[in-house]
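Per my numbering, the sequence shown runs over residues 7 to 153. Glycine is no exception: its CB is placed at the ideal position from the N, C-alpha and C atoms. All of these numbers come straight from a predicted model, not from anything done at the bench. Below is one structure, written out as structure tokens; comments come after it.
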Amino acid sequence: MDILEMIRPKIMTLSPWEKIGIMGIAAALVRLVGGFDQSMQTLVLFIVIDYVTGVILALYKNNLSSEACYRGILKKGIIFFIVILAHHTDMIFETDSLLLRNCTIIFYIGNEGISIMENAGEIGIPMPAFMRRVLRNLKEKNEELER
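Here's what the structure looks like:
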């Protein structure tokens with residue numbers, strides 16, 4: 007099922023002004039992060055999966071806390087602020103390749119992926135070795151760029 011199919015019934019109940027407002031906010035956010043390309047889509051997906059697996063892990067351990075969930079959402083939001091910072095730094099230095107933005111996104115994709123694996127592991131779900139290697143390589147390559 008496509009995400010649009012899932013939210014279409016709710017969208018249909020919104021007034022035209024609400025729809026315009028939501029689209030305006032979405033367009034501004036996409037502009038701020040430098041576009042909604044494949045790397046950004048992957049980052050959003052990994053952030054959502056990491057958050058959900060974190061909640062599932064907390065439920066599994068019987069220690070779900072609304073305060074911890076709230077803090078988790080705030081931390082995820084800061085990731086987007088850092089991507090905005092990287093993108094606008096690219097714009098100032100006129101790096102057409104969006105090097106800082108893309109490296110920042112890859113770094114967080116690696117971090118979120120590793121966190122997802124850790125959450126799954128604590129629940130008792132094994133991760134394929136090749137996935138662990140790929141995600142660790144992403145993180146290591148980004149750390150090499152930082153040096």
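Here Leu63 really is in contact with Ile129; their C-beta atoms are around 6 Å apart, less than 8 Å. Between Glu11 and Ser45, the alpha-carbon positions lie close to 23 Å from each other. Around the C-beta of Asp96, 16 or more other C-beta atoms lie within 10 Å, and the residue is accordingly described as buried. Around the beta carbon of Thr110, a 10 Å sphere encloses 16 or more other beta carbons of the protein chains shown; the residue is thus reported as buried. Taking C-beta separations shorter than 7 Å and ignoring five residues to either side along the sequence, the partners of Thr48 in its chain run Ile115, following chain order.
Leaving aside the five residues that flank Asn125 on each side, the residues in its chain whose CB is nearer than 8 Å to its CB run, in chain order, Asp56, Thr59, Gly60, Ile62 and Leu63.
Beyond the five residues adjoining it in sequence on each side, Ile79 comes within less than 8 Å, by CB distance, of Tyr57 in the same chain, given in chain order. Take Ile90, set aside five residues on each side of it, and the residues of its chain with a beta-carbon closer than 7 Å to its own are Leu38 and Val39, in chain order.
Counting the other CB atoms within 10 Å of its CB gives Gly30 a total below 16, which places it among the exposed residues. Within the same chain, Cβ atoms closer than 8 Å to the Cβ of Leu104 are found at Gly40, His93 and Asp96, the five residues on either side in sequence being excluded.
Taking a C-beta distance under 9 Å as the contact criterion, Gly119 and Leu141 qualify as a contact pair. Contact between Lys82 and Ile53 holds: CB atoms are separated by about 5 Å, below the 8 Å threshold. For Thr95, the enclosing alpha helix (DSSP H) covers residues Ser72 to Ile98.
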